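Quick notes on the structure that follows.
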Amino acid sequence: MTRKSFSFVASGNALVGFPLMDWLCVHFDEHAQWSEGSFFDALTQALQGLPVMPDAVLVMADGGLIPDLLGYWTDDSIGRGIFLHRGENAEGPVIKHCLFGSWDAASGLIVHSASTASGAPELDAAAAINAGLRALVERNQVVQVAPAGHTFRHPSGTTNKIFIQARELVTGDAELGFAARALIRVLPALNDPDLRVVYIDSMGIYSLVRAALGPRGEKVRIESFRSYSELSTLSKPVERYAVVISASTSGGMAREFTERMGFEQDRVATVIDMVREDRHGAILIALSEFDPTLLDVDTNEADVQIELVGEHFSSKSKPPRMVTLGLPHLPKALPSYLKTVGRAATLDLLKPHAGQSRPISLDGEAVASSDDFKRWIREEVTWNLPVSIDHLIAADTNGSVSMANTVADTINALTGKRPVVIEAGSLTRASLGGACGVAVVQAVVGDGAFLREVSRHLRDYIDTDCPRHFICAVCCPSSIDSRERLKQFLVRNPTARLYGFSSWIDLPIGANSAEDSWERYREIASQIEMAKIDLPPPQKAIVRKAADRAVAHIQASTGGFLPKLDGSGLDQTEGFVFLTKGFRGLPSESLTFLIISAVLQSARELKDAERQLKPTGYESVVLAPENFQRFNDNILQVCLLRAALPSEMDYSSSAEVSLLMKEVLQKIFARRHLTFGGAALEFAAALLSGRMKLAPVHLKQLLESTLPELLDEAEPSALLGLLHFVERRV
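Going by the UniProt record's numbering, the sequence shown runs without a break in its numbering and finishes at 730.
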């Protein structure tokens, strides 16, 4: 998304017989200046932000701007060709259609095709608009859920766990324009030429209503009655009117307008509500349609009530909630992973594999050759795979071909007919000729980019009613929500039945990115190398030598963790609470990191609100400093430091929590030459990079008690080289 355009992805097809398609929808702000170059730049930028290429593009703009944009598309063959070339594969362009939708004041969004070819797919306008509204809600943190033990008391007197901030719905002109036109669509009264006054309950939606009125609304007054406080002073006006309510969780205000005050329902609308059914007036966004779980958030009579008297909300309004990791945070699939393929499949940290280099990567061949997995796959094929499967597709080269052959051998043993195995990169329309059923297999799955790509090809290459089944061995997505979105993408289709989906082990591990730790530390090393040291000559030489050692350690640890002060590796732990009893021997650094990453992600997704490692709009959450003492093996401390999010180690907002963390750090730095202080360099790097934050007063105290000792040591240490530059930020 840019300030001049707003982009999102919608799935659907308005024509019977066409499969579901992913559409990249881009709304262009009519107030911005557009040219051929900026038009294609906006499309390209929107495309680059997607994990998977869309099937088609929908360009949206006001009726006055659409002819210009359509002209850019049809006239600039070079720009169009470059844009389409970004999504090509062996069979040609992935993006096969481009439609243009013009906003009409009376009819809403009217979709036109950029070509006159008959039978081209279409995207239902309502589906596109709803997808855009959902994107606004999810990106802009519109919904806040009360923390554990608390409920919100709304101005209406309603108490529940949900607080909706309608003023946060849009953040730029393009988003504002899109939301405004969507509002007109549900409240046509805003387009009434005789309209004279619009009542709003909050100035937070003034800009949205003003944008919806547009130039024709210059003579229209917008009056705010400040929620329930002045509602009783209003009466139904004689002149033409409209009412726009910012947000509601019960529909009470709209009901008050229509039932008690006599306002017409077709002139009343609520921007955001929980549900659409049994409401008075129109609803622009019904949150339960996007996230049904919001309806299951229960209150308790013993909860502390948070009085909502304004529109501003602060996550720093109370001390952060501390979470201590324990058995409740153990991922359900972790014991199974450790007992079966954990040791054999987990590769070294940041080892280039399958064309990628990530902190955690798995060997698909080790997974595919596992006896436990083969036992599961034979049962899965016997019980759940359609008998029509005669083609198998390996989604990638990381063990998927071996897995496909195992499936093929199993089918052959059961039916006497061995399916055709198509290796990754060889999938074409011709290779699927005569297919009666297709199974797609992948040994190691992250967030599913390869599976999505194959699924898209299948939509083009075979009939929709041809059965297909997706089989995953080990799924390590960033979150369980990501895994569920992948499943929905793969199984949904225009027929009355869902496609099949099976997975052996599902183990979410978080973002699995090296950007905010390994890459950030390399940047810090470069900065330290070039940094000036403003100290008297004796100390300057000591710190320079210490800094050089710190740089050397960081550069040498690009494929692992920072060592202990003496340069030796971290101590592998013989056992801890998250290692299953059946696991024998020492886990590797990479396996330990995977375990901690999975535990942290499980903590973020835990349903127990008091133990959940997830902030709300009212309450931030941090890893309790106690974690670094409970898991006091230096390898475990380092894995926590690297796998946690920076926000989960931000202790700066609470003097009490910051003091606790400072005391832990003092002990670690004081015992830097002992086993307990083996992670001292990692803690120092976390402070220097900003991944861990203390309150300024405590950080200053920590450095004042540690740096003099380090300067007095006979041999300058890398710890001094890191902490010296932390001091410069205090």
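Yeah, the Cβ is synthetic: ideal placement off N, Cα and C, and Gly gets one too.
Predicted model only: the values in this text are computed from it and were never measured.
Buried versus exposed, by CB contacts within 10 Å (16 or more), residue 481: Position 481 of the sequence shown, counting from 1, holds the residue named residue 481. Result: exposed.
Where does residue 395 land, buried or exposed, given buried means 16+ other C-beta within 10 angstroms? Working through the sequence shown from its first residue, we reach residue 395 at position 395. By the 10 Å Cβ count, residue 395 comes out buried.
Please list the terminal residues of the continuous alpha helix (DSSP H) segment that includes residue 452. By one-based count along the sequence shown, residue 452 stands at place 452. Boundaries of the alpha helix (DSSP H) around residue 452: 449–461.
With a threshold of 6 Å on Cβ separation, who are the neighbours of residue 84 within its own chain once the five nearest residues in sequence on each side are excluded? As a working note, residue 84 is residue 84 in the sequence shown. So the list reads 93 and 95, once near-sequence residues are dropped.
Just the C-alpha distance for residue 530 and residue 564, rounded to the nearest angstrom, thanks. Along the sequence shown, one-based indexing puts residue 530 at 530. Along the sequence shown, one-based indexing puts residue 564 at 564. Between residue 530 and residue 564, the C-alpha separation is close to 24 Å.
Taking only three categories from DSSP, how would you classify residue 344? Here the question's residue 344 lines up with position 344 in the sequence shown. Per DSSP, reduced to three states, the secondary structure at residue 344 is helical.
Using only alpha-carbon positions, find the residue among 546, 31 and 537 that is nearest to residue 174. As a position in the sequence shown, residue 174 is number 174, starting the count at 1. Of the candidates 546, 31 and 537, the one whose C-alpha sits nearest the C-alpha of residue 174 is 31.
By Cβ distance below 8 Å, which residues in the same chain neighbour residue 724 in space, the five residues on each side in sequence not counted? Sequence index remark: in the sequence shown, residue 724 carries index 724 (1-based). 533, 543, 546, 547 and 707.
Close-in-space but distant-in-sequence residues of the same chain around residue 368 (CB under 6 Å, 5 per side omitted): Taking the first residue of the sequence shown as 1, we reach residue 368 at position 368. Excluding positions up to five away in sequence, the list reads 399, 402, 403 and 443.
If distances are taken between C-alpha atoms only, which option among 189, 710, 484 and 24 comes closest to residue 501? Counted from its first residue, the sequence shown places residue 501 at position 501. Taking the Cα of residue 501 as reference, the smallest distance to any Cα among 189, 710, 484 and 24 is reached at 484.
Curious, which full-length beta strand (DSSP E) runs of at least 3 residues does the stretch 619–646 contain? 621–623, all fully within the stretch 619–646.
Whose C-alpha, out of 690, 622 and 391, is nearest the C-alpha of residue 426? Counting from one through the sequence shown, the residue named residue 426 turns up at place 426. Per the Cα distances, 391.
Could you tell me whether the stretch 242–249 touches the stretch 272–279, using the rule of 3 or more Cβ pairs below 8 Å? Yes, the stretch 242–249 is in contact with the stretch 272–279.
Measuring alpha carbon to alpha carbon, tell me which of 266, 291 and 62 ends up nearest residue 279. Here residue 279 refers to the residue found at position 279 when the sequence shown is read from its first residue. Answer by Cα proximity: 266.
Where residue 612 sits in the DSSP three-state scheme: In the sequence shown, the residue the question calls residue 612 occupies position 612. Note: residue 612 maps to coil in three-state DSSP.
For the alpha helix (DSSP H) containing residue 521, list its first residue and its last residue. As a first step, residue 521 is located in the sequence shown; it is residue number 521 there, counting from the start. 520–530 is the extent of the alpha helix (DSSP H) around residue 521.
In terms of residue numbering, what span does the alpha helix (DSSP H) encompassing residue 376 cover? Here residue 376 corresponds to residue number 376 of the sequence shown, with the count starting at 1. Segment 371–384, the alpha helix (DSSP H) holding residue 376.
What's the gap between the Cα of residue 338 and the Cα of residue 583? The sequence position of residue 338 within the sequence shown is 338, counting from 1. The sequence position of residue 583 within the sequence shown is 583, counting from 1. A direct Cα-to-Cα measurement between residue 338 and residue 583 gives close to 7 Å.
Over what stretch of residues does the alpha helix (DSSP H) that includes residue 601 continue unbroken? Taking the first residue of the sequence shown as 1, we reach residue 601 at position 601. It spans 589–605 - the alpha helix (DSSP H) in which residue 601 sits, taken as one unbroken run.
Three-state secondary structure (DSSP) of residue 199: Within the sequence shown, numbered from 1, the residue matching residue 199 stands at position 199. Judged by DSSP in its simplified three-state form, residue 199 adopts strand.
CB-CB under 6 Å to residue 1, same chain, minus the five flanking residues each way: which ones, in chain order? Within the sequence shown, residue 1 is the residue found at index 1, counting from 1. Reliability fails at residue 1, whose pLDDT of 40 lies under 50, so the model's placement of it is uncertain and the value that follows must be treated cautiously. Beyond the five residues adjoining it in sequence on each side, residue 1 comes within less than 6 Å, by CB distance, of 7 in the same chain, given in chain order.
For residue 133, which residues of its own chain have a beta-carbon under 8 Å away from its beta-carbon, when the five flanking residues on both sides are left out? Counted from its first residue, the sequence shown places residue 133 at position 133. Here the set comprises 179, 182, 284 and 285.
If you draw a straight line from the C-alpha of residue 117 to the C-alpha of residue 614, how long is it? As a first step, residue 117 must be located in the sequence shown, where it is residue number 117. As a first step, residue 614 must be located in the sequence shown, where it is residue number 614. Here residue 117 scores only 43 on pLDDT, less than 50, and its place in the model should not be relied on; the value that follows carries that caveat. If you draw a straight line from the Cα of residue 117 to the Cα of residue 614, it comes to about 50 Å.
May I ask you to report which of helix, strand or coil DSSP gives residue 4? Counted from its first residue, the sequence shown places residue 4 at position 4. Coil at residue 4, not helix or strand.
Closest residue to residue 432 among 141, 463, 448 and 412 (Cα-Cα distance): Within the sequence shown, numbered from 1, the residue matching residue 432 stands at position 432. Residue 463 holds the alpha-carbon nearest to the alpha-carbon of residue 432 among 141, 463, 448 and 412.
Please state the DSSP three-state secondary structure of residue 721. On the sequence shown, residue 721 is found 721 positions in, with the first residue counted as 1. When DSSP states are grouped into helix, strand and coil, residue 721 belongs to the helix group.
Sheet register partners of residue 247 (DSSP bridge): For the purposes of this step, residue 247 is taken as the residue at position 247 of the sequence shown. DSSP, once it has assigned bridges, lists 272 as partnering residue 247.
Give me the DSSP bridge partner(s) of residue 112. Within the sequence shown, numbered from 1, the residue matching residue 112 stands at position 112. DSSP output for residue 112 lists 100 as bridge partner(s).
Residue range of the beta strand (DSSP E) that residue 387 falls in? The residue labelled residue 387 in the question sits at position 387 within the sequence shown. It is not in any beta strand (DSSP E) - residue 387 carries neither H nor E in the DSSP assignment.
For my contact list, residue 131 and residue 25 are in at a C-beta cut-off of 8 Å; report their separation, rounded to the angstrom. The sequence position of residue 131 within the sequence shown is 131, counting from 1. The sequence position of residue 25 within the sequence shown is 25, counting from 1. Right, the Cβ-Cβ distance comes to about 7 Å (below 8 Å), so this counts as a contact.
Going by the CB atoms, is the gap between residue 561 and residue 570 shorter than 8 Å? Walking along the sequence shown from the start, residue 570 turns up at place 570. Walking along the sequence shown from the start, residue 561 turns up at place 561. Yes; because the gap between Cβ atoms is below 8 Å, this pair is in contact.
If you count every other CB in all the chains shown that lies within 10 Å of the CB of residue 365, and 16 or more means buried, which is it? For the purposes of this step, residue 365 is taken as residue 365 along the sequence shown, with counting starting at 1. Buried: at least 16 other Cβ atoms inside 10 Å.
Would you call the stretch 331–345 and the stretch 641–653 touching, i.e. three or more CB-CB distances under 8 Å? With the rule of 3 Cβ pairs closer than 8 Å, the stretch 331–345 does not count as touching the stretch 641–653.
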